[in-house]
């Protein structure tokens, strides 16, 4: 009878220790990050507009009178300016993309194009 009491005591102690460790287990390494929705303005092949304000402006070719950006990627060419712009209005979006962009003013974090033709370029 004595060995049964010892085995029962060991089993009870083991279950108690297991319950104690399971009760202390927690996961604080899991964090939920909400997904931010982004809006991308996909324009027709050629975009003509007065002003663009965006985080990123992408095109194959950009023609602009003024560009203010943190970073400009692509071959930059200085021009005398755009005299005739047939586009009107403003675009305010996180991401603007077109094949060719004609704009009076572009204000963005990043301007990326194969060719950038601009009169006044300001790197912020």
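Residue numbers (my numbering): 33 to 156. Just so it is clear, CB atoms sit at the ideal spot from N, CA and C, and this is done for glycine as well.
From the DSSP output, in three-state form, read off residue i for me.
i	result
residue 99	strand
residue 136	strand
residue 88	strand
residue 77	coil
Given a threshold of 16 other Cβ atoms within 10 Å of its Cβ, counted over all protein chains shown, does residue i qualify as buried or as exposed?
i	result
residue 90	buried
residue 77	exposed
residue 141	exposed
residue 155	exposed
residue 111	exposed
residue 59	Here residue 59 scores only 40 on pLDDT, less than 50, and its place in the model is too uncertain to base an answer on.
With DSSP as the reference, identify every bridge partner of residue i, one or two as the case may be.
i	result
residue 107	147
residue 114	For residue 114, which the question treats as bridged, DSSP gives no partner whatsoever.
residue 17	What the structure shows of the chain is the stretch from 33 to 156, and residue 17 is not part of that stretch, so it cannot be assessed.
residue 82	Answer is none; residue 82 lacks a bridge partner.
So residue i packs on residue j, CB below 8 angstroms; how close in whole Å?
i	j	result
residue 130	residue 96	That pair is no contact at about 13 angstroms.
residue 127	residue 87	6 angstroms
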